[in-house]
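Let me begin by presenting the structure, written as structure tokens, before commenting on it.
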Amino acid sequence: MTMRFSTDEILEMAVELERRGTVFYENLAKKTSDLKSREIFVFLSEEEKKHLEYFQKTKDDLNKQIDFEPDTMDETSHYLGSLIENGVLGKVLQGLDLTQGDSSLEKSLNVGMEVEKESVNFYTSLEIMVPEAKKEFLKKIIQEEEKHYAILLGIKKELGKCL
Numbered sequence: 002m003t004m005r006f007s008t009d010e011i012l013e014m015a016v017e018l019e020r021r022g023t024v025f026y027e028n029l030a031k032k033t034s035d036l037k038s039r040e041i042f043v044f045l046s047e048e049e050k051k052h053l054e055y056f057q058k059t060k061d062d063l064n065k066q067i068d069f070e071p072d073t074m075d076e077t078s079h080y081l082g083s084l085i086e087n088g089v090l091g092k093v094l095q096g097l098d099l100t101q102g103d104s105s106l107e108k109s110l111n112v113g114m115e116v117e118k119e120s121v122n123f124y125t126s127l128e129i130m131v132p133e134a135k136k137e138f139l140k141k142i143i144q145e146e147e148k149h150y151a152i153l154l155g156i157k158k159e160l161g162k163c164l
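Sequential numbering of the sequence shown, starting at 2, is according to the working numbering.
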């Protein structure tokens with residue numbers, strides 16, 4: 002059976018995903034010897050920090066509202082639960098080693114691309130739960146996550162040329 006999550010729990014997951022994304026990109030920056038790739042990974046890490054701050058502020062703002070009640074919007078909650086249970090995001094939240102001992106840059110890029118792709122799906126589903134005033138910034142984060150995917154794909158293609 003698919004889990005259901007309240008808006009508060011989902012925003013907490015988003016905070017944690019961004020926190021782990023920051024660490025992931027910091028580790029990639031340390032792992033690569035290519036200066037251009039390192040700069041990109043540092044940039045991506047900084048982007049994840051901004052996203053973390055957004056989700057934390059959204060969560061804090063919702064919790065300050067007197068009339069806010071954590072909800073479990075059935076369809077959205079089920080979908081998000083399924084993403085967490087069955088996808089890479091659940092593994093990220095559990096802190097599992099997604100490279101499974103393979104510390105190659107290519108494996109890390111593949112994991113990063115998968116996480117970015119699932120993050121787009123996750124955050125797109127959050128739109129229904131986020132107050133109207135916050136939706137524009139959430140859409141910006143979704144666009145940034147899509148760009149992150151494209152950046153990682155570009156690095157992977159460049160690596161393929163070097164091999």
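Glycine residues also receive a C-beta, built at the ideal position from the N, C-alpha and C atoms.
Let me make sure I understand the geometry here. Which of L153, D61 and T59 has the alpha-carbon closest to that of V116?
Along the sequence shown, one-based indexing puts residue 116 at 115. The shortest C-alpha to C-alpha distance from V116 to any of L153, D61 and T59 is the one to L153.
Closest residue to Y55 among P132, N111, Y150 and N122 (Cα-Cα distance):
As a working mapping, residue 55 is identified with position 54 in the sequence shown. Of the candidates P132, N111, Y150 and N122, the one whose C-alpha sits nearest the C-alpha of Y55 is P132.
Rounding to the nearest angstrom, what Cα-Cα distance links R20 and E49 in this structure?
Taking the first residue of the sequence shown as position 1, residue 20 is located at position 19. Taking the first residue of the sequence shown as position 1, residue 49 is located at position 48. About 7 Å.
Got a sec, what are the start and stop residues for the alpha helix (DSSP H) M130 sits in?
The residue you call residue 130 lines up with position 129 of the sequence shown. No alpha helix (DSSP H) contains M130, which DSSP labels as neither H nor E.
Just checking my contact of F44 with L29 at CB under 8 Å: how many whole Å lie between their CB atoms?
Numbered from 1 along the sequence shown, position 43 holds the residue referred to as residue 44. Numbered from 1 along the sequence shown, position 28 holds the residue referred to as residue 29. Between L29 and F44 the Cβ distance is about 11 Å, and since that is not below 8 Å, they are no contact.
Check this for me: beta carbons of L36 and S120, under 9 Å apart or not?
If you number the sequence shown from 1, residue 36 lands on position 35. If you number the sequence shown from 1, residue 120 lands on position 119. Their beta carbons are not under 9 Å apart, which means L36 does not touch S120 by this criterion.
Using alpha carbons as the reference points, say which of K158, E159, M114 and F138 lies closest to K51.
By 1-based counting over the sequence shown, the position of residue 51 is 50. Nearest option by C-alpha distance: F138.
In whole angstroms, what separates the C-alpha of E147 from that of K65?
Here residue 147 refers to the residue found at position 146 of the sequence shown. Here residue 65 refers to the residue found at position 64 of the sequence shown. Here the C-alpha atom of E147 lies approximately 31 Å from the C-alpha atom of K65.
E10 to I142 span [Cα, whole Å]:
Here residue 10 corresponds to residue number 9 of the sequence shown, with the count starting at 1. Here residue 142 corresponds to residue number 141 of the sequence shown, with the count starting at 1. A straight-line Cα-Cα distance of about 19 Å links E10 and I142.
DSSP three-state call for T33: helix, strand or coil?
Position 32 of the sequence shown, counted from the first residue, corresponds to residue 33. Residue state, collapsed to three classes: coil.
Which of the three DSSP states is assigned to F69 in this structure?
Position 68 of the sequence shown, counted from the first residue, corresponds to residue 69. Low confidence applies to F69: its pLDDT is 45, below 50, so where it sits in the model is not reliable enough to give any reading.
Using CA coordinates, which residue listed in L106, E13 and K60 is at the minimum distance from K31?
Counted from its first residue, the sequence shown places residue 31 at position 30. Ranking L106, E13 and K60 by CA distance to the CA of K31 puts L106 first.
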